[in-house]
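Protein chains in written order, with the working numbering: chain D, 64 to 545; chain X, 177 to 683. Okay, structure first, notes after.
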Amino acid sequence: MNGPALIRGFEVVIGLETHAQLSTRSKIFSGASTQFGAAPNTQACAVDLALPGTLPVLNRGAVERAIRFGLAVQAKVAPLSIFARKNYFYPDLPKGYQISQYEIPVVQGGHLDIRVGEQTKRIRLTRAHLEEDAGKSLHEDYAGQTGIDLNRAGTPLLEIVSEPDMRSSAEAVEYAKALHALVVWLGVCDGNMQEGSFRCDANVSVRRPGGPLGTRREVKNLNSFRFLQQAIDFEVQWQIDRIEDGLPIEQATVLFDPDSGETRAMRSKEDAHDYRYFPDPDLPPLLIAPEWVERVRVEMPELPGAMAEHFQRADGLPAYDAAMMTQSLPFARTYEALRDACVQPKLAANWLMGEVSKRLNAESLDITELPVPVAALAALIGRVVDGTVSNNGARQVFDALWAARGGDVDALIEAKGLKQMSDVGALEAIVDEVLAANARSVEEYRAGKDKAFNALVGQVMKASKGKANPAQANELLRRKLG
Amino acid sequence: MSAPLHELGVAGLARQLQLGQVSSVELVQHLLTCVANSEQLGAFLVTDPQHSLAQATAADARRARGPVPALTGVPIAHKDIFVTRGLPSTAGSKMLAGYASPFDATVVARLGEGEGEHAPGAGMVTLGKLNCDEFAMGSDNENSAFGPVRNPWDAQRVPGGSSGGSAAAVAARLVPAATGTDTGGSIRQPASFCGVTGIKPTYGVCSRYGMIAFASSLDQAGPLARSAEDCALLLSAMGGFDPRDSTSAERPAQDYHALMLRPREEATAAQPLRGLRVGLPREFFPDALSGDVEAAVRAALAELERLGATLVDVSLPRTELSIPVYYIIAPAEASSNLSRFDGVRYGHRAAEYRDLRHMYERSRAEGFGPEVKRRIMIGTYVLSHGYYDAYYLQAQKLRRMIADDFQACFQDCDLIAGPVAPTVAWRLGEKHEDPVQAYLADIFTLPASLAGLPGMSVPAGFGHGGLPVGLQLIGNYFEEGQLLHAAHALQLATDFHLHAPAGASGA
Chain D
64 MNGPALIRGF EVVIGLETHA QLSTRSKIFS GASTQFGAAP NTQACAVDLA
114 LPGTLPVLNR GAVERAIRFG LAVQAKVAPL SIFARKNYFY PDLPKGYQIS
164 QYEIPVVQGG HLDIRVGEQT KRIRLTRAHL EEDAGKSLHE DYAGQTGIDL
214 NRAGTPLLEI VSEPDMRSSA EAVEYAKALH ALVVWLGVCD GNMQEGSFRC
264 DANVSVRRPG GPLGTRREVK NLNSFRFLQQ AIDFEVQWQI DRIEDGLPIE
314 QATVLFDPDS GETRAMRSKE DAHDYRYFPD PDLPPLLIAP EWVERVRVEM
364 PELPGAMAEH FQRADGLPAY DAAMMTQSLP FARTYEALRD ACVQPKLAAN
414 WLMGEVSKRL NAESLDITEL PVPVAALAAL IGRVVDGTVS NNGARQVFDA
464 LWAARGGDVD ALIEAKGLKQ MSDVGALEAI VDEVLAANAR SVEEYRAGKD
514 KAFNALVGQV MKASKGKANP AQANELLRRK LG
Chain X
177 MSAPLHELGV AGLARQLQLG QVSSVELVQH LLTCVANSEQ LGAFLVTDPQ
227 HSLAQATAAD ARRARGPVPA LTGVPIAHKD IFVTRGLPST AGSKMLAGYA
277 SPFDATVVAR LGEGEGEHAP GAGMVTLGKL NCDEFAMGSD NENSAFGPVR
327 NPWDAQRVPG GSSGGSAAAV AARLVPAATG TDTGGSIRQP ASFCGVTGIK
377 PTYGVCSRYG MIAFASSLDQ AGPLARSAED CALLLSAMGG FDPRDSTSAE
427 RPAQDYHALM LRPREEATAA QPLRGLRVGL PREFFPDALS GDVEAAVRAA
477 LAELERLGAT LVDVSLPRTE LSIPVYYIIA PAEASSNLSR FDGVRYGHRA
527 AEYRDLRHMY ERSRAEGFGP EVKRRIMIGT YVLSHGYYDA YYLQAQKLRR
577 MIADDFQACF QDCDLIAGPV APTVAWRLGE KHEDPVQAYL ADIFTLPASL
627 AGLPGMSVPA GFGHGGLPVG LQLIGNYFEE GQLLHAAHAL QLATDFHLHA
677 PAGASGA
């Protein structure tokens with residue numbers, strides 16, 4: 064493998080900390096709902112408000128999702144992990160501490176493979192731990208005052224920490240995308256980045272190749288892949304500028320401003336909090352028996368990598384197609400359904416990557432919202448295969464199916480007059496006419512000019528008003544020309 | 177004419193109610209009068225006669241309709257560390273003055289109206305809320321923001337703490353029973369100082385849900401009453417697994433009264449405690465132990481012996497270390513538990529402040545008393561970066577060793593016995609100047625707290641100035657039945673627990 068690309072002679076080193084909101088219905092330590100978008104403070108119960116006398120009770124669904132993730136990245140699922148309190152004061156942190164995991168997290172190690180150009184690169188994971196989210200401070204709309212919305216307080220998060228294995232913003236984005244696809248695939252996170260369900264902190268440093276690691280700065284709360292890339296790119300240039308100016312880099316936490324495209328320091332190491340972590344005495348150690356891990360393993364969906372391999376091996380799909388078919392679990396499920404219905408794996412993949420994806424993207428729809436029933440699409444592919452309709456004709460039928468959210472494929476072919484000529488006698492007559500009327504082309508073909516043959520095919524298609532089956536026309540012409 | 181109503185304990189009142197010789201309403205009216213006449217004691221922080229009488233009326237009506245739980249209609253008062261719906265919950269702190277909880281603590285619900293249709297409560301009537309040291313931090317009840325509690329045996333003396341209001345109210349015959357909480361001795365020591373019976377069960381027996389937290393790994397609720405029998409009845413209603421407290425023990429509910437009554441295999445009529453081995457840790461009888469306390473405790477031990485028990489010498493070598501260990505762990509947890517009192521959502525908020533930080537600082541400076549601040553500072557310090565390993569981690573290691581020491585003792589004995597405190601109740605204000613002197617007086621109650629073991633204080637006689645002395649009994653995990661059995665046997669043979677302070681009750 065080649066060495067990492069350098070920027071102005073510097074190597075970039077990036078590690079990501081990603082907060083994935085777990086898709087449980089209730090919060091991690093209370094029974095309140097995690098639904099997004101409710102009126103402020105309507106989904107905060109006594110526990111979330113930290114009323115005197117309340118205690119946390121762990122949501123096993125959150126643990127189960129952490130186990131699922133751990134298994135998917137081939138990490139160690141810790142048989143014993145510890146919840147700890149991270150103490151700091153902030154108005155949207157009701158208890159004055161966040162319950163998190165510190166010394167012993169539930170998921171330890173593991174890795175995620177990403178595509179870098181034509182190659183695969185393995186990104187090592189340090190850990191993933193369970194914790195609760197804080198509420199939100201609303202600084203607008205309250206005329207000089209701050210509003211506190213505790214609906215989000217206590218929402219379960221899995222914080223996934225990578226090793227500093229990424230060497231460019233592009234790799235960081237690839238990693239974030241792969242991680243996003245995985246957690247959504249596993250059903251542990253809805254992946255909704257606008258709602259903050261998946262957000263990244265990037266630890267960025269630069270160094271001379273082969274030199275010791277530089278001092279890192281942490282860019283907080285990046286909730287889109289584009290911002291992640293922009294923030295890292297800005298940060299790298301800023302750090303190199305400083306080094307080249309002979310200035311030191313100080314460890315700091317910075318925020319990215321999407322409007323200016325710049326990062327700015329939030330706090331430096333000097334005023335970093337002393338969080339006074341200690342084991343939460345309200346929660347006994349989290350014990351995960353091997354049987355629990357096994358049960359989760361059995362219930363897990365096949366992972367995208369394994370499924371893509373299967374599609375290559377069993378369905379004969381090219382690697383690219385197989386990767387496309389496994390871009391998400393619903394996409395893969397749609398492919399499998401279509402493949403089974405039409406028994407044409409490659410055509411099924413072509414249609415999904417082609418017309419289907421094109422229309423979905425154009426209309427900003429998800430594969431789960433596909434208006435064309437899989438059975439209709441399969442029938443259409445069948446009609447292409449048996450020569451009833453050309454590819455062009457099929458596209459028109461597809462548009463009609465899309466518009467009407469389904470329909471009878473044969474009736475649509477008939478109604479639109481797209482049926483190809485299958486009567487050999489009629490086609491033969493057309494071929495004979497074309498041969499008689501194009502003597503020069505026939506001469507040229509016989510003299511060895513292959514191009515002339517294509518002209519004859521074109522004439523046949525034209526004479527049939529496009530309804531001739533090109534393969535059939537080819538065959539007849541060749542036979543007649545001897 | 178039978179004894180006045182306020183002289184009767186829980187079991188006695190339950191019988192009277194069952195026989196229809198008294199109604200809950202009459203009882204509550206009588207006791208509310210006693211409470212009103214005893215304001216100088218400072219035991220009650222709040223009563224709500226309308227609220228209590230409504231509960232009593234409902235209890236009488238239920239009893240009239242058919243069979244009811246035995247304690248239905250018997251009055252009880254709650255330490256103000258338990259949150260209650262309908263009565264303010266303050267934890268003895270200005271920080272929570274007037275705070276109205278939207279829910280009842282599990283212990284309160286179980287003793288009272290229950291936790292819903294499928295979990296009916298014992299049906300006891302809440303008479304009011306009882307004074308305590310602020311956030312249960314203290315051992316003389318002088319740290320309450322709402323004034324001290326006086327010892328019913330001597331108004332110039334403290335009642336002990338932190339459940340000082342509970343012990344004083346029961347001793348003064350204002351209420352037959354009270355709830356308390358014990359973190360480092362806060363049930364046992366005031367029970368000893370006021371001459372009542374109190375039990376701190378094994379950590380995890382009573383739910384902590386709705387108990388305003390001081391030190392989560394130590395806090396445990398328990399009853400204070402006039403006898404071991406009453407405590408057994410109350411503990412049966414209070415205890416048991418609660419899914420809302422992750423540290424609550426997943427064991428079936430226990431009938432402690434039946435366990436208390438169950439005769440020992442080797443028992444005889446004259447010697448009900450035959451075969452019981454009572455361990456006396458030599459560290460519980462140091463030179464510093466006050467002579468009057470030692471004499472009373474030794475006499476009670478002799479009584480146990482007369483009842484058939486065998487006294488054996490044991491050792492708890494880390495008894496002295498339990499003081500620094502406790503005063504690291506408890507403040508560490510407290511410093512974090514009390515962070516929620518920030519003036520943002522409820523509780524005291526300073527009237528004026530410049531910015532957010534200033535609001536926190538002023539609100540907490542104004543809302544917390546000096547002992548609470550002292551412990552928050554100690555706790556914050558020992559958890560700080562660079563100090564954690566030297567203090568908190570070290571203390572946790574020693575805590576485990578202290579628990580192991582007890583297990584070694586229980587190889588040679590069934591129960592451990594000794595004094596509850598080195599002296600009888602001290603004078604009001606006596607330990608104001610030097611809080612460490614008060615900390616040192618916790619030496620005999622802290623070890624069982626750190627180990628999570630059940631401990632009990634049983635009246636054992638009187639010391640200087642006719643002040644009560646308690647005998648401490650410590651059992652192995654979940655051996656509350658054995659503790660209560662021994663205490664009950666002692667109380668059948670002695671009458672220390674029946675003595676009432678002169679002029680008590682206000683009746």
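Glycine included, every Cβ here is placed at the ideal spot set by N, Cα and C. Note that the structure is predicted; figures quoted are calculated from it, not measured.
Item	Value
Neighbour flag for K283/D against chain X, beta carbons, 8 Å	no
In chain order, each alpha helix (DSSP H) run of at least 4 residues that lies wholly inside the stretch 293 to 381 of chain X	340 to 347 and 364 to 370
Sub-8 Å separation of Y536/X and G555/X beta-carbons	no
Distance, L666/X Cα to A391/X Cα	33 Å
Three-pair Cβ contact test at 8 Å for the stretch 613 to 626 of chain X versus the stretch 485 to 504 of chain X	yes
At least 3 beta-carbon pairs within less than 8 Å: the stretch 541 to 552 of chain X vs the stretch 584 to 602 of chain X	no
Terminal residues of the beta strand (DSSP E) in which H608/X lies	From DSSP, H608/X is part of no beta strand (DSSP E); its letter is neither H nor E.
Three-state class that DSSP yields for E226/D in the structure shown	coil
Below-8 Å beta-carbon distance, S393/X vs any chain D residue	yes
C-alpha distance - Y160/D paired with Y383/D, whole-angstrom precision	47 Å
For L490/D, the nearest candidate out of A518/D, V523/D, E354/D and A463/D (CA to CA)	V523/D
Assigned secondary structure, H336/D (DSSP; H/G/I helix, E/B strand, else coil)	coil
Interface positions of the stretch 248 to 262 of chain X facing chain D (Cβ-Cβ less than 7 Å), listed along the chain	V259
Chain X within 8 Å of R330/D, Cβ atoms only	no
Integer-rounded CB distance, given that A107/D should sit under 8 Å from A216/D	6 Å
Listed by chain order, chain D residues near I388/X by CB distance under 8 Å	P115 and G116
Three or more C-beta pairs below 8 Å linking the stretch 298 to 311 of chain X and the stretch 145 to 154 of chain D	no
Burial state of M271/X, where buried means 16 or more other Cβ atoms lie within 10 Å	buried
Sequence-distant residues of the same chain with beta carbon closer than 7 Å to R402/D, five excluded per side	D378, P408 and A411
Contact set between D345/D and chain X, taken where Cβ atoms lie within less than 7 Å	S392, S422 and T423
As assigned by DSSP and simplified to three states, the class of H524/X	coil
Stretch pair the stretch 195 to 211 of chain X + the stretch 422 to 436 of chain X: three plus CB contacts closer than 8 Å	no
From R261/X, P366/X, L411/X and T359/X, residue whose alpha carbon lies closest to that of P635/X	P366/X
Rounded separation between L249/D and L247/X - CA only	53 Å
Counterpart residues of Q171/D in DSSP-defined beta bridges	K139/D and R190/D
Assigned secondary structure, M256/D (DSSP; H/G/I helix, E/B strand, else coil)	coil
The stretch 116 to 128 of chain D touching the stretch 385 to 403 of chain X, judged by at least three CB pairs closer than 8 Å	yes
Three-state secondary structure (DSSP) of R458/X	helix
Residues from the stretch 76 to 89 of chain D in contact with chain X, defined by Cβ distance under 8 Å	none
Contact under 8 Å by Cβ, Q164/D with A147/D	yes
From D228/D, P103/D, R262/D and K421/D, residue whose alpha carbon lies closest to that of H243/D	R262/D
Burial state of N517/D, where buried means 16 or more other Cβ atoms lie within 10 Å	exposed
Residue closest to N652/X, alpha-carbon to alpha-carbon, out of R261/X, S625/X and D671/X	S625/X
Cβ-Cβ distance between Y503/X and L660/X below 8 Å	no
The stretch 426 to 441 of chain D touching the stretch 489 to 508 of chain D, judged by at least three CB pairs closer than 8 Å	no
Cβ separation of V334/X and E318/X, assumed to be a contact under 8 Å, to the nearest whole Å	6 Å
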